[in-house]
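Okay, so here's the structure we're looking at.
Number of protein chains: 2
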Amino acid sequence: MRRRLRLSGEAENPGEIRPGGRTARTRESVCRSTLQVLAESGYAELTVERVAERSGVHKSTIYRRWGGIDGLVVDALAFAVDDDWEPDLSGNVEANLMEFARMALASFADPVYGPTHTAVVAAAFQSDRAVDAVHRFFADRFGRTSTIITRAIENGELPKNTDPEAVIRALMAPIYFRLFISRQSVTDVDLEQAVQAALAAAMAGVFENQERR
Amino acid sequence: MRRRLRLSGEAENPGEIRPGGRTARTRESVCRSTLQVLAESGYAELTVERVAERSGVHKSTIYRRWGGIDGLVVDALAFAVDDDWEPDLSGNVEANLMEFARMALASFADPVYGPTHTAVVAAAFQSDRAVDAVHRFFADRFGRTSTIITRAIENGELPKNTDPEAVIRALMAPIYFRLFISRQSVTDVDLEQAVQAALAAAMAGVFENQERR
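If you read the sequences in order, they're chains A and B.
In this text, residue positions in the first sequence follow the numbering used here: the first is 11, and each later residue adds one.
In this text, residue positions in the second sequence follow the numbering used here: the first is 11, and each later residue adds one.
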């Protein structure tokens with residue numbers, strides 16, 4: 011079965027609901043509150059106090075479990091796109107990357123996840139805390155998505171020493187560039203071009219890891 | 011002679027000073043004031059009134075010649091990196107792109123141009139006016155830099171229908187991604203990889219313009 015990115019606004023498949031004890035309910039409440047504050051008021055207004063008030067979870071619990079704003083933001087972003095998400099590995103590397111790129115682009119249009127992600131990228135221009143959140147977010151995303159590349163290496167579709175993160179970064183960079191830097195629209199043709207460009211470079215050995223040679 | 015990116019902080023070569031009438035002096039004064047306000051206070055504080063006050067140029071003149079904030083920002087960014095700048099075309103396409111990438115990266119470290127450019131990218135998260143400025147800035151930059159690619163096509167280094175902007179965007183996207191999105195450092199190795207990746211994709215025909223086929 012294909013796994014897809016489940017966004018926070020969507021209903022869960024009833025068969026998939028996990029029992030979820032008190033800890034899970036606390037997390038859900040805190041993450042939802044974090045996302046709401048971010049989407050409504052932006053990163054500048056996000057404080058542990060506001061999340062505590064909105065979620066009804068005591069702020070000492072939030073500090074203990076999330077450490078503070080950074081931890082909250084990273085976990086809320088992970089929560090919004092489904093903690094259990096793993097990339098689809100059912101096709102060839104090209105199909106799997108295209109599927110991932112389409113999902114990533116769609117997620118920016120999600121009413122909660124989109125503005126939250128944008129708020130964090132915007133906040134990194136002003137706040138070192140937000141920079142930390144951004145670092146941790148991309149480390150997590152790149153880590154999960156890298157399995158598309160490691161699988162392709164195993165299958166002989168890409169050179170042996172290819173650095174998975176470099177391929178994913180090459181794929182995502184033009185998409186982020188259009189969305190957040192040059193502020194141009196992103197079409198399916200652009201996604202296709204990004205996939206083809208990343209693969210052509212990987213196949214030419216541009217992303218071969220020097221250290222592992 | 012190699013042309014290089016002259017940044018606003020640098021002294022001009024005395025032999026290169028153009029006579030510059032009153033119009034040129036007005037422009038210089040207005041652009042410098044715009045850059046100063048942007049670097050000191052950010053885009054949110056940039057008004058025609060403040061630029062008029064700082065430069066001593068009447069605001070009706072500024073509105074007439076620049077149209078408003080957008081026009082000011084685009085012209086100030088062009089002024090800061092030398093209006094006459096053209097890319098170095100003296101090497102092969104790889105050498106010319108690497109030279110350009112190095113210059114672009116160095117410009118982000120410039121005390122006036124760097125913060126100004128960053129302020130405009132940051133402002134686009136909040137202001138449609140800034141989005142317009144960003145569009146016009148990249149149209150100008152991509153237009154100028156594209157000659158590296160058109161020259162390479164003429165020389166038979168790249169496929170005939172290669173879209174120059176697509177190659178430049180592929181080159182710059184990972185650099186902007188690291189600087190402004192994932193907030194990672196950019197080394198010479200990263201620049202080299204970006205050049206190689208953009209060229210590998212171009213050589214594989216990924217950036218061939220469909221319409222012109």
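Just so it is clear, CB atoms sit at the ideal spot from N, CA and C, and this is done for glycine as well.
With respect to the alpha helix (DSSP H) encompassing residue 50(B), which residues constitute its N-terminal and C-terminal limits?
-> Judged by DSSP secondary structure, residue 50(B) falls within the alpha helix (DSSP H) whose first and last residues are 32-51.
Name the chain B residues that come within less than 7 Å of residue 179(A), Cβ to Cβ?
-> Neighbours of residue 179(A) in chain B, taken as residues at a C-beta separation under 7 Å, are given in chain order as 184, 187.
Contact with chain B by residue 222(A), beta-carbon distance below 8 Å = At residue 222(A), the pLDDT of 43 sits below 50, so the modelled position is not reliable; the number obtained from the coordinates is stated separately. Residue 222(A) has a beta carbon lying at 8 Å or more from every beta carbon in chain B.
Tell whether a beta-carbon distance below 8 Å holds between residue 87(B) and residue 126(B).
-> Yes, the Cβ-Cβ distance between residue 87(B) and residue 126(B) is below 8 Å.
For residue 57(B), which of helix, strand or coil comes out of DSSP?
-> Taken through DSSP and simplified to helix, strand or coil, residue 57(B) comes out as coil.
Which residues in chain A sit within 9 Å of residue 128(B), going by Cβ to Cβ distance?
-> In chain order: 135.
Distance between beta carbons of residue 205(B) and residue 192(A), contact taken as under 8 Å = Between residue 205(B) and residue 192(A) the Cβ distance is about 19 Å, and since that is not below 8 Å, they are no contact.
List the DSSP bridge partners of residue 202(A).
-> Its beta-bridge partners do not exist; DSSP assigns none.
Nearest CA to the CA of residue 124(B): which residue from 63(B), 189(B), 178(B)?
-> Comparing C-alpha distances from residue 124(B) to each of 63(B), 189(B), 178(B) shows the shortest one belongs to 189(B).
Closer than 8 Å at the beta carbon, the chain A residues around residue 10(B) | Residue 10(B) falls outside the range modelled here, since chain B spans only 11 to 223, and no answer is possible.
Would you please verify whether the beta carbon of residue 139(B) is less than 8 Å from any beta carbon of chain A?
-> No, no contact with chain A.
Are any of the Cβ atoms in chain A nearer than 8 Å to that of residue 193(B)?
-> For residue 193(B), at least one C-beta of chain A is nearer than 8 Å to its own C-beta.
Just the Cα atoms here: how many angstroms apart are residue 85(B) and residue 41(B)?
-> Distance between the alpha carbons of residue 85(B) and residue 41(B) is about 7 Å.
Counting along the chain, where does the alpha helix (DSSP H) carrying residue 70(B) start and finish?
-> Counting along the chain, the alpha helix (DSSP H) containing residue 70(B) begins and ends at 69-76.
Starting from residue 160(A), follow the alpha helix (DSSP H) in both directions and report where the run begins and ends.
-> For residue 160(A), the enclosing alpha helix (DSSP H) begins and ends at 157-164.
Are the beta-carbon atoms belonging to residue 81(B) and residue 39(B) less than 8 Å from one another?
-> Taking C-beta atoms as the reference points, residue 81(B) and residue 39(B) fail to come closer than 8 Å.
Would residue 190(A) count as contacting chain B if we go by Cβ distances under 8 Å?
-> Yes, its Cβ sits closer than 8 Å to a Cβ of chain B.
Range covered by the alpha helix (DSSP H) that runs through residue 197(B) = Here residue 197(B) belongs to no alpha helix (DSSP H), and DSSP marks it neither H nor E.
State the Cα-Cα distance for the pair residue 142(A) and residue 91(B), rounded to the nearest angstrom.
-> Going from the Cα of residue 142(A) to the Cα of residue 91(B) covers about 31 Å.
How many Å lie between residue 57(A) and residue 133(A) at the Cα?
-> As the crow flies, the alpha-carbon of residue 57(A) is around 14 Å from that of residue 133(A).
Could you name the residues of the stretch 142-154 of chain A whose beta carbon sits closer than 7 Å to any beta carbon of chain B, in the order they occur along the chain?
-> Taking 7 Å as the Cβ-Cβ cut-off against chain B, the residues of the stretch 142-154 of chain A that qualify are 144, 145, 148.
Give a yes or no on whether the minimum CB-CB distance between residue 131(A) and chain B is below 8 Å.
-> With 8 Å as the cut-off, residue 131(A) counts as an interface residue toward chain B.
Is any beta-carbon of chain B found at less than 8 Å from that of residue 54(A)?
-> No, residue 54(A) does not count as interfacial toward chain B.
Starting from the Cα of residue 89(A), find the closest Cα among 43(A), 107(A), 73(A), 187(A) and give me that residue.
-> For the residues 43(A), 107(A), 73(A), 187(A), the minimum Cα distance to residue 89(A) belongs to 43(A).
In terms of residues, what are the limits of the alpha helix (DSSP H) holding residue 103(B)?
-> Residues 103-118.
Contact belief for residue 37(A) with residue 184(B) at Cβ below 8 Å, rounded distance in angstroms = The Cβ separation is near 34 Å, so there is no contact.
Below 8 Å between beta carbons: does that hold for residue 102(A) and residue 175(A)?
-> Here residue 102(A) is not near residue 175(A), since their CB atoms are 8 Å or more apart.
Return helix, strand or coil for residue 63(A), following the three-state DSSP convention.
-> Residue 63(A): helix per DSSP, three-state reduction.
If you draw a straight line from the alpha carbon of residue 155(B) to that of residue 110(B), how long is it in whole angstroms?
-> Using only the alpha carbons, I get a separation of about 8 Å.
Between residue 105(A) and chain B, is there a C-beta pair that is closer than 8 Å?
-> No, no contact with chain B.
Test item: CB-CB of residue 135(A) and residue 128(B) under 8 Å | Taking C-beta atoms as the reference points, residue 135(A) and residue 128(B) count as a pair closer than 8 Å.
Under 8 Å between C-beta atoms, does residue 88(A) make it to chain B?
-> No, because no Cβ of chain B sits closer than 8 Å to the Cβ of residue 88(A).
In chain A, which residues lie less than 9 Å from residue 46(B) when you measure between Cβ atoms?
-> Chain order gives no chain A residues near residue 46(B), where near means a beta carbon separation below 9 Å; the closest approach is about 19 Å.
Who pairs with residue 218(B) in a beta bridge, going by DSSP?
-> Residue 218(B) pairs with 172(B).
Would residue 119(A) count as contacting chain C if we go by Cβ distances under 8 Å?
-> Considering every chain present, this structure includes no chain C. Its protein chains are A and B.
For residue 191(A), the first and last residue of its enclosing alpha helix (DSSP H) = First-last for residue 191(A): undefined, no H or E at that position.
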